[in-house]
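Terminal number for the sequence shown in UniProt numbering: 862, no gaps in between. Data first, discussion second: the structure below is written as structure tokens.
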Amino acid sequence: MDRALVHLPPAPPNPARIALASAAASEILEPAKNAVAEDLFYRYNAIDKAKGAIRLLILKGGSGNDIKCELVHTTIDRNIIPYEAVSYTWGPEFAAESINVCGRRLPVTFHLSRILRDLRHADEDRVLWVDAVCINQQDATEKGLQVAQMKDIFRSAKCVLLCICRSTDYTDLLMDSLAKLESNLCDTQSYDSQDLNTSWRDVQKAIASQHVEPLSRHSEASLERQLKALASLQRQGLEYILNSPWFLRVWILQEVANGSSASVYCGRKYVSAATFAVSPRLLNAEIPLGQDGIVAEVLSIMPGPLRRDPFQELYPLLQRFRGSHATVECDRIFALFGICQDVHIDTRLLPDYQKSEKDVIRDTISYICRVEVANSPFDSISDFLEKLDHLDNLVLSELLFSTDHINASSLLRHRKGFVTATQELLDLASTNTMIGEGVMALLLQQHNADTVLSGWEAWDSLRFAAKNGHDALAEFMVERITDIDSLNDSLSVMKTRLFLAAENGETTLVNLLLAKGANIEGNGHYEGWNHRCASPITGAARFGHTTVVQILIDNGADTNSVGLNGVTPLLNATTGGHEDIVSLLLNKGVNLLATGHIGKHTPLQIAAKTGQEAIVRLLLAHGAPADGRSDNTLSRSNEAPLMIAARYCRPSILRMLFEAGAYATQSDLYDMMDAAANYFRRSDFSSLGCDRIKRHDQEVVVQILLEKGAKPNYTLIHRLSSTPGTIAQLLVKHIAINGESPYTIECHGRVQQRCSTTTPLIYATRAGSTHMVKLLIENGANLETGNSEGRTPLSLAAGKGDRDIVEILLDAGADAEAVDDNGQTPLSRARSTSVYGFLVERCARRKGHMLVDQKVCSGHKA
Numbered sequence: 001m002d003r004a005l006v007h008l009p010p011a012p013p014n015p016a017r018i019a020l021a022s023a024a025a026s027e028i029l030e031p032a033k034n035a036v037a038e039d040l041f042y043r044y045n046a047i048d049k050a051k052g053a054i055r056l057l058i059l060k061g062g063s064g065n066d067i068k069c070e071l072v073h074t075t076i077d078r079n080i081i082p083y084e085a086v087s088y089t090w091g092p093e094f095a096a097e098s099i100n101v102c103g104r105r106l107p108v109t110f111h112l113s114r115i116l117r118d119l120r121h122a123d124e125d126r127v128l129w130v131d132a133v134c135i136n137q138q139d140a141t142e143k144g145l146q147v148a149q150m151k152d153i154f155r156s157a158k159c160v161l162l163c164i165c166r167s168t169d170y171t172d173l174l175m176d177s178l179a180k181l182e183s184n185l186c187d188t189q190s191y192d193s194q195d196l197n198t199s200w201r202d203v204q205k206a207i208a209s210q211h212v213e214p215l216s217r218h219s220e221a222s223l224e225r226q227l228k229a230l231a232s233l234q235r236q237g238l239e240y241i242l243n244s245p246w247f248l249r250v251w252i253l254q255e256v257a258n259g260s261s262a263s264v265y266c267g268r269k270y271v272s273a274a275t276f277a278v279s280p281r282l283l284n285a286e287i288p289l290g291q292d293g294i295v296a297e298v299l300s301i302m303p304g305p306l307r308r309d310p311f312q313e314l315y316p317l318l319q320r321f322r323g324s325h326a327t328v329e330c331d332r333i334f335a336l337f338g339i340c341q342d343v344h345i346d347t348r349l350l351p352d353y354q355k356s357e358k359d360v361i362r363d364t365i366s367y368i369c370r371v372e373v374a375n376s377p378f379d380s381i382s383d384f385l386e387k388l389d390h391l392d393n394l395v396l397s398e399l400l401f402s403t404d405h406i407n408a409s410s411l412l413r414h415r416k417g418f419v420t421a422t423q424e425l426l427d428l429a430s431t432n433t434m435i436g437e438g439v440m441a442l443l444l445q446q447h448n449a450d451t452v453l454s455g456w457e458a459w460d461s462l463r464f465a466a467k468n469g470h471d472a473l474a475e476f477m478v479e480r481i482t483d484i485d486s487l488n489d490s491l492s493v494m495k496t497r498l499f500l501a502a503e504n505g506e507t508t509l510v511n512l513l514l515a516k517g518a519n520i521e522g523n524g525h526y527e528g529w530n531h532r533c534a535s536p537i538t539g540a541a542r543f544g545h546t547t548v549v550q551i552l553i554d555n556g557a558d559t560n561s562v563g564l565n566g567v568t569p570l571l572n573a574t575t576g577g578h579e580d581i582v583s584l585l586l587n588k589g590v591n592l593l594a595t596g597h598i599g600k601h602t603p604l605q606i607a608a609k610t611g612q613e614a615i616v617r618l619l620l621a622h623g624a625p626a627d628g629r630s631d632n633t634l635s636r637s638n639e640a641p642l643m644i645a646a647r648y649c650r651p652s653i654l655r656m657l658f659e660a661g662a663y664a665t666q667s668d669l670y671d672m673m674d675a676a677a678n679y680f681r682r683s684d685f686s687s688l689g690c691d692r693i694k695r696h697d698q699e700v701v702v703q704i705l706l707e708k709g710a711k712p713n714y715t716l717i718h719r720l721s722s723t724p725g726t727i728a729q730l731l732v733k734h735i736a737i738n739g740e741s742p743y744t745i746e747c748h749g750r751v752q753q754r755c756s757t758t759t760p761l762i763y764a765t766r767a768g769s770t771h772m773v774k775l776l777i778e779n780g781a782n783l784e785t786g787n788s789e790g791r792t793p794l795s796l797a798a799g800k801g802d803r804d805i806v807e808i809l810l811d812a813g814a815d816a817e818a819v820d821d822n823g824q825t826p827l828s829r830a831r832s833t834s835v836y837g838f839l840v841e842r843c844a845r846r847k848g849h850m851l852v853d854q855k856v857c858s859g860h861k862a
């Protein structure tokens, strides 16, 4: 079993050979306790975890396949045995071989057994620290504590052995060349001087004579060809070494960085790390990129005069070496602690293999960002490292979303320069009511804040700040806007900030933008934009923001300004039914006949159409002409206010217009009555109550028009007779019920031609309108008045086969035996129709009754 070291006072490193050091150590080493059971396999003795103990491997000198060694316990601060620390690649994890440790077998990987054979001296022992053997890999607690000491383990080693790969003919050639160069250099300062190139050329000449062809009296050109061929072979060896998996192993970073001296091994060949690090430059070889340029980074931190300082804070180290590999994912973070300048101040960052990946990520985030996070926004360590460049923004987004303003403020203060202000972060900070104004102020001090604020990205955040009383913050944000009149090209209609603020009634923001010098007419700056932009006052008027309209007027806004589609503030206010704004604008003397490009309606026309009685009253009181239109052209789209009020059945507005002096001719009155009659053909009311209200309004409109002298015709009566209400009855009383009509009549979409001599009842019969026939009969229509051919309504209905009207006329007493000018009766006209049988039956019944009456009368006389 491994043997424990009896601690003595600290002594300087023993410069003697390893064999003498091992012999001296044997005098102070006492045999370790043997296991009770004499097992075949080696079992570790527990080390003193509290005192930071470590194990050292004494590799026994020898040859052959069997590797014999011992394990001894010591501590780094009291160790007296010089040792070398081994850096290597584990390779496949399964233990393919075993070594002899204190007489028992310890399974090791094939890679490690091969490396130990390469490092073993033939006739003397060698003291090494090898992680796979010196750490009990089955004890997670010990493993975590030993990993935490690796920085000191490699720093205390007299030399770090960088066992990169197996040897090939090409690597042997390269390593021999570098070893010869190393022996020729007088001191380490030559690595960065012209001496290096001169010495290397001398070495190349000597090597070329052995490996390419002898150099005799060849020409200079021949010599250069030989040296070029040699360099090509050496470059192949270098490329093989640099493409070794060793360079991508994350643990080698602290192993290389903490070593004060290091040797590079390829098989049994080795040179100092300082010499090897300059080999790519000597051979003009391209360093393979590996993962994120890690190979070049590793070469730059190898011990030597050209070494770059590898020690940094944790965050840049993670960025720098995120492409490194590890068998255990957590090691991609743990392995960097040994070259980190700052992790010693936080106990949470001690390697702990009992933690889950998410716990390790959470603790790492908490340390880097100086926050306490309950949940990690990353799914795995690979995900965490992949998104590392955006770490602060992602964490801040989580904190803002969860309303954790304390940790959000901490991150913004401690990580200034790493947070990039974005629209998303500004929106989160401004729209979350639990996030204080202080967080927003800190966010606006971050990188890119001015860029975001100067454009439209921060618009929503600015609006929210102004809306929620953060006046100082809103003012600060407005001051950062570089082009206050720029247009928002993400909208379907380009608008300025002032227009949007006015349109939304944001009084504070309107005042801030005006103070900043925003164009009050909304003319934005946009290349190629040749049309006027929407005027802010038109937007405010449209949505009823009276206070904003007043502010804009007070600041000199043009109350007659023309906005999108040519609309004016008065038109928008009227359309929206905003009586207060209409009154405010009228008091400023706005143009009462101004129209927009679409529809070209005046404010009075719009108010009449939408039923805005109060606004109609205001417009008329301020001088709007009662029958005024946008121009003198009368058309369906540009009707007089009277016609609009009648068409949309606005009785109160119709009366107001007449009282204000609106004039209508007889033709106008007829058209208005016709428009009112058509109202329910154009409208669809889902609410019964609304339907009843509008029918009442329709009847009132018709009554007003009749009072004004409107003369209805049969067409109107026919149109209204099929709908509920009393309008048809009302109109019937205003026509010549039995006179001739000079008008046409429409039924079921067909226009009936005017006869030369006809009556309303004949029209209704020919049109097949049962409602109209009943209405005319009820109002005294003559059943026997015929047309120009002497045909009565019954004759016409029978000839058409219209049973419903035939029955109505018969019930009303129409004469079934009336003879027309052609000598035919209604019965003979119906002979070829479906009502013939019905008419015969009705005539027979009527005749029989009459005969009976005649017989009764005759008997009485007798």
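We treat Cβ as the ideally placed atom computed from N, Cα and C, and that holds for glycine.
Residues that DSSP places opposite residue 205 in a beta bridge: Bridge partners of residue 205 according to DSSP: none are assigned.
Anticipated Cβ contact below 8 Å, residue 333 with residue 373, distance rounded: Incorrect: roughly 16 Å between the Cβ atoms, too far for contact.
Burial state of residue 748, where buried means 16 or more other Cβ atoms lie within 10 Å: Here the model assigns residue 748 a pLDDT of 42, short of 50, so the residue's position is not dependable and the matter cannot be decided.
Reference residue 553, options 521, 571, 769 and 155, closest by Cα: Here the closest residue by C-alpha is 521.
Which listed residue (787, 835, 781 and 338) has its alpha carbon closest to that of residue 766: Per the Cα distances, 787.
Backbone CA spacing between residue 789 and residue 821 [nearest angstrom]: About 6 Å.
C-alpha distance - residue 227 paired with residue 244, whole-angstrom precision: Looking at the two C-alpha atoms, the distance is approximately 26 Å.
contact_flag[the stretch 117–135, the stretch 236–243] where n(CB pairs < 8 Å) is 3 or more: Result no; under three Cβ-Cβ pairs closer than 8 Å.
Distance CB(residue 542)-CB(residue 572) smaller than 8 Å: Going by C-beta atoms, residue 542 is nearer than 8 Å to residue 572.
Beta-carbon gap between residue 251 and residue 331 smaller than 8 Å: Contact: yes.
Residues sharing a beta bridge with residue 99, DSSP: Beta-bridge analysis with DSSP links residue 99 to 106.
Backbone CA spacing between residue 843 and residue 816 [nearest angstrom]: Between residue 843 and residue 816, the C-alpha separation is close to 7 Å.
Separation of residue 178 from residue 197, as counted between CA atoms: So the two alpha carbons sit approximately 12 Å from each other.
Where the alpha helix (DSSP H) containing residue 618 begins and where it ends: Counting along the chain, residue 618 sits inside the alpha helix (DSSP H) bounded by residues 613–621.
Alpha helix (DSSP H) segment containing residue 571, residue limits: Judged by DSSP secondary structure, residue 571 falls within the alpha helix (DSSP H) whose first and last residues are 569–576.
Residue range of the beta strand (DSSP E) that includes residue 73: Run containing residue 73: 68–75, per the beta strand (DSSP E) assignment.
Whether residue 47 touches residue 153 by CB criterion (8 Å): Remark: C-beta atoms of residue 47 and residue 153 do not approach each other more closely than 8 Å.
Bridge partner(s) assigned by DSSP for residue 84: Note: residue 84 is bridge-paired with 128 and 159 in the DSSP secondary-structure output.
CB contact flag (residue 673, residue 710, <8 Å): Taking 8 Å as the Cβ cut-off, residue 673 and residue 710 qualify as a contacting pair.
Cβ-Cβ distance between residue 376 and residue 387 below 8 Å: Cβ atoms of residue 376 and residue 387: not closer than 8 Å.
Those residues which DSSP pairs with residue 59 across a bridge: Beta-bridge partners assigned by DSSP to residue 59: 69 and 126.
Three-state class that DSSP yields for residue 269 in the structure shown: Note: residue 269 maps to strand in three-state DSSP.
Straight-line Cα distance separating residue 167 from residue 316: C-alpha separation (whole angstroms): 35 Å.
Reference residue 371; option with closest CA among 353, 381, 400 and 356: Comparing alpha-carbon positions, the option among 353, 381, 400 and 356 lying closest to residue 371 turns out to be 400.
Where residue 545 falls: helix, strand or coil (DSSP): Coil.
Alpha-carbon spacing of residue 811 relative to residue 657, whole angstroms: Straight through space, the alpha carbons of residue 657 and residue 811 are spaced by roughly 47 Å.
Residue-level contact to chain B via CB, residue 588, 8 Å cutoff: The chain inventory of the structure shown lacks chain B, comprising one protein chain alone.
From 124, 509, 88 and 123, residue whose alpha carbon lies closest to that of residue 114: Out of 124, 509, 88 and 123, the CA that lies nearest to the CA of residue 114 is found in 88.
Segment limits, alpha helix (DSSP H) that includes residue 348: That residue, residue 348, is in no alpha helix (DSSP H); it is neither H nor E in DSSP.
Buried versus exposed call for residue 561 [16 or more other C-beta atoms within 10 Å across all chains shown]: Classification for residue 561: buried.
Bridge-paired residues (DSSP) for residue 420: DSSP output for residue 420 lists 447 as bridge partner(s).
Residue closest to residue 109, alpha-carbon to alpha-carbon, out of 99, 277 and 763: Comparing Cα-Cα distances from residue 109 to each of 99, 277 and 763, the minimum goes to 99.
Counted within 10 angstroms of its Cβ, other Cβ atoms place residue 151 as buried (16 or more) or exposed: With 16 or more other CB atoms across the displayed protein chains lying within 10 angstroms of its CB, residue 151 is buried.
Residue 835 beta carbon less than 8 Å from that of residue 806: Note that the C-beta distance between residue 806 and residue 835 is below 8 Å.
Buried versus exposed call for residue 609 [16 or more other C-beta atoms within 10 Å across all chains shown]: With at least 16 other beta carbons inside 10 angstroms of its own, residue 609 counts as buried.
In DSSP terms, what residue 515 is bridged to: Per DSSP, none; premise fails for residue 515.
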